[in-house]
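Some notes on the structure that comes next.
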Amino acid sequence: MDTLAKYVKLFNDKHPKNKISVIGTPMAHYGDDVVTKALMAAMANGNTVERVKQLRNDQLQVWFDSHKSVDDVFNSLRLRNIGYGALSSPRLEVLEDYIRFVNKKKNGHESLINVFITGFGGEINLVPILRTAKMDSSTSAKAKKLVNSLLNRWLDSDYKPEHVFEVLSLGDDISRALYSANLGTLERYISAFNTKASEQQNVDVWDAHGALRRRCCVGGLEICHESTGHEEDGDKLGDDGFAFISSPKLDRLDDYIKFVNSKASGQTTLLQALKSGFGERELAVNLVQANTYARGSAGAKAKPLQEAQFTQWLDEGYDSISVLTKLFKVDETKLNTASMMGKTVAKQFKQFYEKANGVSTKVEPRRS
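Note that full-length UniProt numbering has the sequence shown beginning at 1, numbered continuously upward.
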């Protein structure tokens with residue numbers, strides 16, 4: 001490198017109008033990515049730090065002089081290839097240096113979040129990358145800053161929550177939406193949007209719709225399977241057992257389903273969502289317990305849900321024995337081994353079955 005530097009100096013002295021740089025030659029020969037990696041490795045050597053810093057500045061100047069945009073540099077550094085690992089890569093430091101360099105030279109407003117949106121192929125692709133990065137300690141801090149930048153970008157662009165809902169692809173399929181990691185991003189944006197609207201005294205614009213969506217999204221999050229492992233999920237509806245019937249989360253989930261159905265012309269029901277979250281058998285057990293122990297309005301909610309589930313079983317050809325063998329996995333030859341709860345569910349379904357089929361359950365006194 002020293003020999004090359006001497007040659008470059010001699011060349012520039014001889015051709016002052018066509019100067020070249022020390023770093024430009026290896027960049028042209030090996031490519032930006034390879035040279036950047038070499039410079040980062042050299043930074044680890046305490047004896048060459050100052051020299052490398054100068055070469056880094058020269059590298060930025062070469063890019064600028066060759067009219068490379070910040071998006072071009074993102075691609076040259078191949079950051080997209082490493083996914084969320086880009087947030088902890090030394091190459092990211094180089095990109096950020098170039099963004100600052102360009103902004104200083106042009107008095108511009110380039111930003112890392114805009115570069116990432118373009119580089120990763122749009123907001124819908126970037127959001128899950130940032131979500132994953134937030135769960136890795138090596139990239140968490142950077143990811144949180146970028147998420148905040150993304151939310152601020154949407155706010156500055158006056159994106160309506162409805163638009164963000166579509167950007168995050170939450171309106172295509174409710175079953176997908178209920179388990180989407182993007183729900184957390186939508187929830188945060190709506191909260192920020194409502195705060196901004198309140199400060200601007202435009203509360204009426206999004207009071208009804210915005211409040212509904214905020215409540216709905218929380219419901220969607222809380223029905224998720226435990227395997228999601230996202231820090232924003234909070235307490236899940238499934239953790240409440242039969243007490244879910246009296247939880248405000250149930251109302252929020254119902255609101256959310258209605259909202260998504262209205263946006264996507266869907267036909268998903270509250271029962272389907274609950275079955276997806278609890279499982280068929282667990283939901284049946286919870287509804288039996290809720291019918292037994294819940295009081296007032298909570299008890300009133302349980303009955304129609306149980307009837308809806310029983311109606312579905314009826315349509316599928318179930319009888320009380322099927323309930324034990326298919327849901328509770330009891331051997332048909334050993335029905336007496338069923339659990340007390342299994343027997344209770346089967347008994348209540350039998351009563352529903354007989355009533356639906358016009359079988360009288362009234363006991364007539366014997367005539368002597």
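Idealized CB from N, CA, C, for every residue including glycine.
Boundaries of the alpha helix (DSSP H) harbouring F349: 340 to 356, taken from the DSSP string. In this structure, G119 places its C-beta atom within 9 Å of the C-beta atom of L79. Between the alpha carbons of E332 and I321 lies a gap of roughly 8 Å.
Counting the other CB atoms within 10 Å of its CB gives V359 a total below 16, which places it among the exposed residues.
Straight-line spacing of the CA atoms in A338 and W154 works out to 56 Å. Rounded to whole angstroms, the gap between the alpha carbons of S297 and E166 is 35 Å. For H163, the enclosing alpha helix (DSSP H) stretches over residues 161 to 167. At the C-beta level, F64 and K105 come within 9 Å of one another. Within the model, the alpha-carbon separation for V323 versus N286 is close to 15 Å. Counting along the chain, the unbroken alpha helix (DSSP H) around Y293 starts and ends at 280 to 293. One thing to note: I129 has its Cβ no nearer than 9 Å to the Cβ of V115.
Relative to the Cα of N182, the nearest Cα in the group V288, T132, K196, S137 belongs to T132. If the five residues before and after S246 are omitted, its C-beta is found closer than 7 Å to the C-beta atoms of A294, A298, all from its own chain and listed in chain order. For I99, the enclosing alpha helix (DSSP H) starts and ends at 90 to 106. Of the residues T311, L327, V164, the one whose Cα lies closest to the Cα of A356 is T311. Going by DSSP, E316 is part of no alpha helix (DSSP H) at all; its letter is neither H nor E. Under the three-state reduction of DSSP output, G122 falls in the coil class, being neither helix nor strand. For S66, the three-state secondary structure derived from DSSP is coil. Across the structure, Q61 and G85 are spaced so that their CA atoms are roughly 26 Å apart.
In the three-state scheme derived from DSSP, where H, G and I count as helix and E and B as strand, V73 is classed as helix.
For E332, the three-state secondary structure derived from DSSP is helix.
Inclusion of S169 and I124 in the CB contact set at 9 Å is warranted, their separation being smaller than that value. At a Cβ-Cβ threshold of 9 Å, F352 and L314 count as neighbours. Leaving aside the five residues that flank A302 on each side, the residues in its chain whose CB is nearer than 7 Å to its CB run, in chain order, I245, L287, A290, N291, A294.
Here the C-alpha atom of L274 lies approximately 9 Å from the C-alpha atom of E280.
Annotation: the continuous alpha helix (DSSP H) that includes N148 extends over 140 to 156. Here the C-alpha atom of P90 lies approximately 14 Å from the C-alpha atom of K53. Contact between S138 and S76 is ruled out by a C-beta separation of about 24 Å, above the 8 Å threshold. Rounded to the nearest angstrom, the gap between the Cα atoms of V164 and D97 is 30 Å.
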